[in-house]
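Student: Can you read through this structure? Questions will come right after.
Here is the structure:
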């Protein structure tokens with residue numbers, strides 16, 4: 448549809464300007480028109496969210512979803528952060544925010560560390576069954592989570608970590624491992640092997656080489672891993688809702704509970720403010736990381 | 011040079027966490043799930059094997075059939091639109107245009123956000139009483155109708171729209187890096203021969219990009235099989251059960267309805283679907299003999 452639009456507009460824009468052949472100019476115009484329409488499609492929802500979050504409910508009820516607020520107010524934002532309700536709890540989305548932070552920090556650190564260690568062992572050391580281990584790991588990255596969930600719940604309750612912070616962190620480590628291992632395995636395999644050999648000649652042991660040589664050289668891939676894990680874990684909903692327990696529900700789960708709760712009048716402005724707040728952390732990561740983000744998804748798009 | 015890669019006890023110690031995860035969290039749970047699906051388990055797992063009765067019941071459950079149908083509709087729609095849109099955007103960005111970085115940033119940012127956020131944003135935009143429909147009516151077209159989100163036979167297409175919004179940027183990024191890998195000589199040669207650009211794209215570039223296209227299709231297919239949060243946030247599976255999807259079906263039967271026999275049977279069906287999609291691809295991507303890799 449977008450393509451058709453751009454074609455049609457391109458055909459209309461027949462103002463020969465300068466010495467260039469007409470068709471080329473029309474094509475260029477069409478190109479930019481297409482890009483502009485595409486950009487509009489991607490930006491519009493964010494625009495709607497922002498203007499809605501700045502309107503009063505009275506103005507929202509008029510139904511002009513695309514119009515700018517006549518009197519901008521930040522009251523919905525304060526309400527979303529401090530006092531939005533899920534059921535009877537009216538602590539605002541900040542509760543979920545801090546839960547997500549508490550889940551995020553240990554999950555990111557531990558999953559990257561274990562992934563780096565596994566990738567290091569699999570790429571630079573000769574280990575029997577390494578290929579098999581790696582193959583099954585990869586399989587774990589692709590299989591639908593529904594296959595693992597019920598038995599995991601049973602195992603967790605048996606060892607007493609079901610519905611706890613430990614439970615959700617362990618879950619993120621388990622399902623982050625394939626991607627992290629893949630990243631680090633490929634990265635270490637791409638380093639000049641002479642470095643490793645020299646360290647071996649100097650009598651470096653497995654862990655010595657890992658901590659003294661490999662980890663300090665891993666900064667680029669650690670950044671990529673951080674980007675992937677921070678956005679991935681922050682955006683998780685499924686694991687949070689199942690494994691985190693009522694006290695530790697992450698922000699996405701709380702957001703959904705706030706917005707899709709059926710009680711009372713729907714405060715669309717507060718809902719949209721809460722939605723933007725939830726999207727903020729990954730968006731900040733995205734805008735700061737720029738090209739690194741693209742690099743990350745190229746390497747780790749497997750996460751899906 | 012003597013000290014090549016050597017066996018080392020420490021390397022096995024380091025692999026203990028990965029080994030435990032693979033054996034218990036992946037293989038063990040998977041087998042357990044499949045095992046439960048052959049029993050008459052309800053609230054708790056039982057050891058009473060009843061053959062494939064759960065699978066028969068599953069495929070006699072209309073909600074499951076609707077979920078599967080929706081998955082297919084969602085899958086075909088999402089993959090086709092994402093591939094076409096993603097390719098067009100990548101090709102457009104590859105024309106030495108101005109503000110390339112800005113456009114790319116705009117196209118990809120939804121991918122950074124949660125499906126929950128995407129779902130809630132679109133739920134609000136498509137709200138039948140206050141969203142796009144009302145806006146257009148306020149402009150004067152009082153008969154304008156766009157309330158798919160509350161239409162039984164249209165709700166799943168709304169999920170496609172939201173999914174495309176989130177995922178087509180990813181396809182664009184993959185395609186763009188594929189396009190950048192194409193030899194510039196190709197364009198010069200085509201120009202000399204007077205072949206129009208669109209024909210070069212259609213007949214030469216697209217076939218050359220086959221690996222990228224395959225990767226995109228596999229990634230999108232996996233997202234399709236997994237789709238859960240997006241539906242929860244956007245439609246909640248409704249109206250009624252008209253936009254249910256398998257992943258949601260399974261979780262509802264596991265936790266809401268406490269029918270784990272049926273739920274694990276459904277999980278096993280999903281498992282088979284995914285294995286059929288990815289096994290050939292995984293082999294091709296990671297375990298192809300080195301020699302074959304050269305001849306792309």
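Chains as they are written, first to last, in the numbering used here: chain P, 448 to 751; chain E, 11 to 306.
Beta carbons are placed, not taken as given, at the ideal position from N, Cα and C, and that holds for glycine.
Taking the runs of the beta strand (DSSP E) that are 3 residues or longer, which of them lie wholly in the stretch 576-654 of chain P?
Tutor: Correct list: empty.
Student: Which complete alpha helix (DSSP H) runs does the stretch 676-748 of chain P hold, if anything under 4 residues is left out?
Tutor: Complete alpha helix (DSSP H) runs here, min 4: 685-690, 698-706, 715-736 and 738-747.
Student: Checking the sheet assignment: what are the DSSP bridge partners for residue 536 of chain P?
Tutor: DSSP lists P:533 as partners of residue 536 of chain P.
Student: Please report how far the alpha carbon of residue 42 of chain E lies from the alpha carbon of residue 257 of chain E, in whole angstroms.
Tutor: Computed Cα separation, rounded: 18 Å.
Student: Consult DSSP for residue 469 of chain P and reduce its assignment to one of helix, strand or coil.
Tutor: In this predicted model, residue 469 of chain P has a pLDDT of only 46, less than 50, meaning its place in the structure is not dependable; the value taken from the coordinates is given anyway. Here residue 469 of chain P sits in helix by DSSP.
Student: Who are the neighbours of residue 284 of chain E on chain P, taking C-beta pairs under 8 Å?
Tutor: Result: 589, 590 and 591.
Student: Name the one or two DSSP bridge partners that residue 49 of chain E has.
Tutor: Its beta-bridge partners are E:59.
Student: Residues of chain P with a CB under 7 Å from the CB of residue 270 of chain E: which are they?
Tutor: Going along chain P in sequence order, the residues near residue 270 of chain E (Cβ under 7 Å) are 597.
Student: When you measure from the CB of residue 230 of chain E to every non-hydrogen atom of the ligand GDP, does any distance come out below 7 Å?
Tutor: Only the bare structure without any ligand can be found here, which leaves the ligand GDP out of the picture.
Student: Grouping DSSP H, G and I as helix and E and B as strand, with all else coil, what is residue 572 of chain P?
Tutor: Of the three classes helix, strand and coil, the one that applies to residue 572 of chain P here is coil, per DSSP.
Student: I want to verify the contact list: residues of chain P whose CB lies under 7 Å from the CB of residue 105 of chain E, in sequence order.
Tutor: Near residue 105 of chain E (Cβ distances below 7 Å), the residues of chain P are 478.
Student: On the criterion of 16 or more Cβ atoms from any shown chain inside 10 Å, does residue 59 of chain E qualify as buried, or is it exposed?
Tutor: Under this definition residue 59 of chain E is an exposed residue.
Student: Would residue 111 of chain E be called buried (16 or more neighbouring beta carbons within 10 Å of its own) or exposed?
Tutor: Counting Cβ neighbours within 10 Å, residue 111 of chain E comes out exposed, since fewer than 16 surround it.
Student: Please classify residue 712 of chain P as buried or exposed, where buried requires at least 16 other C-beta atoms within 10 Å of its C-beta.
Tutor: It is exposed - the Cβ of residue 712 of chain P has fewer than 16 other Cβ atoms within 10 Å.
Student: Of all the residues that make up the stretch 132-156 of chain E, which are near chain P by a beta-carbon distance shorter than 7 Å?
Tutor: Under the 7 Å Cβ criterion, the stretch 132-156 of chain E contributes 132, 134, 135, 140, 141, 142, 144, 145 and 148.
Student: From the DSSP output, in three-state form, read off residue 123 of chain E for me.
Tutor: Residue 123 of chain E: coil per DSSP, three-state reduction.
Student: Assuming residue 254 of chain E is part of the alpha helix (DSSP H), what are its boundary residues?
Tutor: From DSSP, residue 254 of chain E is part of no alpha helix (DSSP H); its letter is neither H nor E.
Student: On the three-state DSSP scale, how would you describe residue 150 of chain E?
Tutor: Coil at residue 150 of chain E, not helix or strand.
Student: Put residue 94 of chain E into one of helix, strand or coil per three-state DSSP.
Tutor: DSSP places residue 94 of chain E in helix when its eight states are reduced to three.
Student: Per DSSP, what kind of secondary structure is residue 753 of chain P in: helix, strand or coil?
Tutor: Limits of chain P in this structure are 448 at one end and 751 at the other, which puts residue 753 of chain P out of reach.
Student: So, using beta-carbon positions, are residue 100 of chain E and residue 189 of chain E closer together than 8 Å?
Tutor: Contact: yes.
Student: Could you check if residue 699 of chain P is buried or exposed, using at least 16 other CB atoms within 10 Å of its CB as the buried criterion?
Tutor: Looking at its Cβ environment, which holds 16 or more other Cβ atoms inside 10 Å, residue 699 of chain P is buried.
Student: At a CB-CB cut-off below 8 Å, which residues of chain E make contact with residue 670 of chain P?
Tutor: In chain order: nothing, as chain E lies at least about 15 Å away.
Student: Taking one C-beta from the stretch 472-486 of chain P and one from the stretch 682-700 of chain P each time, how about it: are there three or more such pairs within less than 8 Å?
Tutor: With a cut-off of 8 Å, the stretch 682-700 of chain P and the stretch 472-486 of chain P do not count as touching, because too few Cβ pairs lie within range.
Student: Would you say the stretch 588-597 of chain P touches the stretch 529-539 of chain P, given that touching needs at least three Cβ pairs under 8 Å?
Tutor: Taking 8 Å as the limit for Cβ pairs, the verdict is that the stretch 529-539 of chain P does not touch the stretch 588-597 of chain P.
Student: Apart from the five residues on each side of it in sequence, which residues of its chain come closer than 6 Å, Cβ to Cβ, to residue 177 of chain E?
Tutor: So the qualifying residues of the chain are 92.
Student: May I ask which residues mark the beginning and end of the alpha helix (DSSP H) holding residue 236 of chain E?
Tutor: Start and end: 220-236.
Student: Beta-carbon of residue 246 of chain E versus every beta-carbon of chain P: anything under 8 Å?
Tutor: Yes, residue 246 of chain E counts as interfacial toward chain P.
Student: Pull up the distance between the alpha-carbon of residue 519 of chain P and that of residue 147 of chain E, whole angstroms please.
Tutor: Each residue's alpha carbon lies about 24 Å from the other.
Student: Which residue from P:528, P:505, P:474 and P:517 puts its Cα closest to that of residue 705 of chain P?
Tutor: Minimum Cα distance to residue 705 of chain P is reached at P:528.
Student: What's the gap between the Cα of residue 120 of chain E and the Cα of residue 38 of chain E?
Tutor: Using only the alpha carbons, I get a separation of about 36 Å.
Student: Can a CB atom of chain E be found closer than 8 Å to the CB of residue 527 of chain P?
Tutor: So, not an interface residue.
Student: Do you know offhand how far residue 246 of chain E's Cα is from residue 240 of chain E's?
Tutor: Their backbone Cα atoms lie some 9 Å apart in a straight line.
Student: Using only the alpha-carbon positions, how far apart do residue 22 of chain E and residue 574 of chain P sit?
Tutor: Each residue's alpha carbon lies about 7 Å from the other.
Student: What residues in the stretch 172-183 of chain E bring their beta carbon closer than 8 Å to a beta carbon of chain P?
Tutor: Within the stretch 172-183 of chain E, the qualifying residues are 175, 179, 180 and 183.
Student: Taking contact to mean at least 3 C-beta pairs separated by less than 8 Å, is the stretch 628-645 of chain P in contact with the stretch 563-571 of chain P?
Tutor: The stretch 628-645 of chain P is in contact with the stretch 563-571 of chain P.
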